[in-house]
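Heads up, the sequence shown is in UniProt numbering, so the first residue is 1 and it goes up one at a time.
For glycine and all other residues, C-beta sits at the position ideal for the given N, C-alpha and C.
Remember, it's a predicted structure, so these values are computed and weren't measured experimentally.
Notes follow the structure.
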Amino acid sequence: MTIKRWIAIIVTAALVFVSIGVNSLSFLFTRDFSSMLDEFASTSISGYNETIIEDGIGKDKIAVLNLDGVIQDTGGVNPLFGGMGYNHQFFMSQLTDIVEDDTIKGVILRVNSPGGGVVESADIYDGLLAIQEEGIPLYVSMGGMAASGGYYVAAPAEKIFVNRETITGSIGVIMESMDYSGLAEKYGIRFNTIKTGPYKDIMSGNREMTKEERVMLEEMINDSYQRFVDIIVDGREMSEADVKKVADGRILNGRQAIEAGLADDYGKAADVIAAMKVDYELEDATVFEYTMNESIVSLFGLKAKSMFGGNMESEIIGKLLSNHSAPRMMYLYGDK
């Protein structure tokens, strides 16, 4: 690389950081610090607020959780560079707080997700079971989509409500990679691979998968699939045969989900809140949802997109940092 090339790269990098600094300072100094401090004082140590949806009488509360986006643990990368999106640690901390709050008498989970990682979905499922073990009922309100892992986490609920247009189902597991060995061969590209065992590069894109490797991976996939089926059998009190009639990866709309036994009734979020109040005599309960404190997020740089004005540099960096190229098992409908 020439000296001129290096100078161009250094100058570009400097301009990016100067742009970030100017936008950050502009954002901070144009905020109302008095209101920012007020919000800070009312924020829990976890960094979020309890925002009231419906005022009530007394101390009883109903918590509304929002599961929106692909279920994956990015280690905080996405919230920093690409907007808030789904934040796994943030969501799990809400589940913990509910278990520790004896004033919460009901939980409503609003799901708008195509699913995601098998591990993260299992985390949420276990957290919701812990809530139910405390005697707190769980209702689910499905939005536009609650598919694959989005349905997995909903399965243990006492009641599941859908819209007629809700896309749900997609019960199954997927794991995929790209085989570009034919393209590489066409252009004379050779790969030098040093490995400690014949399967160390399993699902590598630079060679064709063997039949033996496919059998290994299918065994893994089938274990996770059976776990998915068992969760629906337990949560929906259905027979395994009835679950497997629709557990072939197909998607269903709201009507089909109710007819298949995967959901109970139609209802939007307000209807679900009203139903829980009646079913559990919580008419006087305060209804709230957890929301990330915008001032805290902005002050500590956790919402960098707002501070940077959504510039291209931040979006590119975010995509680079959040790009997980290793194949993994997913409860996911659609593309990664």
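- When 273, 243, 205, 198 are compared, the shortest CA-CA separation from residue 191 is found for 205.
- In the structure shown, the three-state DSSP call for residue 286 is strand.
- Residue 145: member of the beta strand (DSSP E) spanning 138–147, first to last residue.
- When the beta-carbon positions are compared, residue 146 and residue 99 stay at least 9 Å from each other.
- Excluding residues up to 5 positions away in sequence, 193, 195, 207 lie with their Cβ nearer than 8 Å to the Cβ of residue 201 in the same chain.
- Distances from the CA of residue 256 to each of 170, 270, 284 were compared; the closest alpha carbon is that of 170.
- For residue 118, no pairing in a beta bridge is given by DSSP.
- As the crow flies, the alpha-carbon of residue 155 is around 35 Å from that of residue 179.
- Here residue 261 is not near residue 163, since their CB atoms are 9 Å or more apart.
- Taken atom to atom, the span from the alpha-carbon of residue 88 to that of residue 124 is near 9 Å.
- When the Cα atoms are used, residue 173 and residue 86 turn out to be separated by approximately 21 Å.
- Of the other Cβ atoms in all chains shown, 16 or more fall within 10 Å of the Cβ of residue 231; this residue is therefore buried.
- In the DSSP assignment, residue 227 is bridged to no other residue.
- Its Cα nearest to that of residue 236, the residue 138 stands out among 290, 138, 182.
- In the three-state reduction of the DSSP assignment, residue 332 falls in the strand class, which pools E and B.
- A distance below 9 Å separates the beta carbons of residue 71 and residue 149.
- The residues 205, 206, 207, 208, in chain order, have a CB closer than 8 Å to that of residue 181 in the same chain once the five nearest residues on each side in sequence are set aside.
- In the displayed model, residue 52 falls within a strand according to three-state DSSP.
- Residue 254: member of the alpha helix (DSSP H) spanning 254–260, first to last residue.
- DSSP, read as helix, strand or coil, puts residue 180 in coil.
- In this structure, DSSP gives residue 175 a state outside helix and strand, which the three-state scheme calls coil.
- Judged by their CB atoms, residue 289 and residue 65 are nearer to each other than the 9 Å cut-off.
- Assignment of residue 202 by DSSP, reduced to helix, strand and coil, places it in the coil class.
- In this structure, residue 54 places its C-beta atom within 9 Å of the C-beta atom of residue 287.
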